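One structure is given here, and the rest of the page talks about it.
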Amino acid sequence: VSLAKMVGYTPTSPRAPKADVDVQINNASGTSITMNKGTVFTTTVDETSYQYVNNADITITPVNGVYKFSSIPLYEGTLVTFKYTADSTDVDQRFVIPSVSADTSTLKVSVQNSASDTTTSTYTLATGITSINATSKVYFLQEMEDGKFEVYFGDDVLGNKLDDGNIVILEYIVSNKDEANGASSFTLSGSIGGYSDVTLTTVSSAQGGAEAQTK
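Now the structure itself:
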């Protein structure tokens with residue numbers, strides 16, 4: 012891990028299987044419908060039940076009276092939110108993703124100004140330093156010695172530095188990795204925009220679930 016970091020390489024975390032589905036809402040009305048992030052779908056692989064979730068809010072408007080979400084990516088696992096409050100007086104503070112089964116490709120990082128100011132900014136993963144300046148809202152990612160991943164931020168030279176009291180919000184999917192590869196039939200759990208009568212069509216079966224990179 013240390014050698015990889017020295018050459019700017021981040022090992023791959025576990026990967027959640029991903030499927031793409033079309034979701035048509037039946038008997039719907041209104042100007043738009045939103046599928047909230049974390050909407051749960053269920054499936055069965057080798058007689059074991061798994062859940063899949065979407066990883067972003069998606070809003071559609073009807074086309075010729077038809078409400079259809081097209082090719083929505085679903086990831087196997089559970090959507091988790093973990094928060095830290097930035098404190099520069101804590102010299103040992105680290106913003107760690109607590110699960111070794113987290114898929115960092117699904118990670119969303121945002122920073123809330125404070126407990127009393129809910130203004131929130133989205134930070135993007137830094138992929139190089141040439142385009143980063145002191146105000147860039149970016150985060151960096153590195154693997155720790157125990158296989159978990161750590162998020163860290165800039166120093167007001169390369170990337171915006173956190174202020175004390177900022178709330179770091181980490182959202183990510185914890186997966187069973189390759190166990191649910193091959194899932195091809197999904198059922199909505201709950202509702203979308205208040206509607207539970209839906210027609211699901213699988214565009215592509217689940218694939219890509221994998222263990223973390225080992226070497």
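Residue numbers (the numbering used here): 12 to 226. A virtual CB, placed ideally from N, CA and C, is assigned to each residue, including glycine. Here the structure is a predicted model, which is why all the values come from computation and not from measurement.
Under the three-state DSSP convention, the category residue i falls into
{"i": "LYS188", "result": "helix"}
{"i": "THR198", "result": "strand"}
{"i": "GLY49", "result": "coil"}
{"i": "THR210", "result": "strand"}
{"i": "ASP128", "result": "coil"}
{"i": "GLN62", "result": "strand"}
{"i": "SER40", "result": "coil"}
{"i": "LYS172", "result": "coil"}
{"i": "ILE140", "result": "coil"}
{"i": "ASP109", "result": "Residue identity check: residue 109 is Pro in the sequence provided, not Asp. The answer is coil: DSSP assigns PRO109 none of H, G, I, E or B."}
{"i": "THR135", "result": "strand"}
{"i": "GLN218", "result": "strand"}
{"i": "PRO84", "result": "strand"}
Host beta strand (DSSP E) of residue i (start-end)
{"i": "VAL162", "result": "160-164"}
{"i": "ILE71", "result": "69-71"}
{"i": "ASP31", "result": "29-36"}
{"i": "ASP114", "result": "113-123"}
{"i": "ILE203", "result": "Note, ILE203: premise wrong, no beta strand (DSSP E); not H, not E."}
{"i": "THR96", "result": "89-96"}
{"i": "VAL149", "result": "149-154"}
Anticipated Cβ contact below 8 Å, residue i with residue j, distance rounded
{"i": "GLN224", "j": "PRO22", "result": "4 Å"}
{"i": "LYS79", "j": "ASP33", "result": "6 Å"}
{"i": "ASN177", "j": "SER125", "result": "7 Å"}
{"i": "SER142", "j": "GLY165", "result": "So it is not a contact: roughly 13 Å between Cβ atoms."}
Counted within 10 angstroms of its Cβ, other Cβ atoms place residue i as buried (16 or more) or exposed
{"i": "ARG105", "result": "exposed"}
{"i": "PRO274", "result": "The chain is shown from 12 up to 226; residue 274 falls before or after that span and cannot be answered."}
{"i": "GLY76", "result": "exposed"}
{"i": "THR54", "result": "buried"}
{"i": "ILE44", "result": "buried"}
{"i": "ASN38", "result": "exposed"}
- Item | Segment contact flag, the region 178-196 with the region 114-130, C-beta cutoff 8 Å, min 3 pairs | Contact holds between the region 178-196 and the region 114-130, because three or more Cβ pairs, one in each stretch, are under 8 Å apart.
- Between the region 59-69 and the region 92-106, are three or more C-beta pairs nearer than 8 Å? No contact exists between the region 59-69 and the region 92-106.
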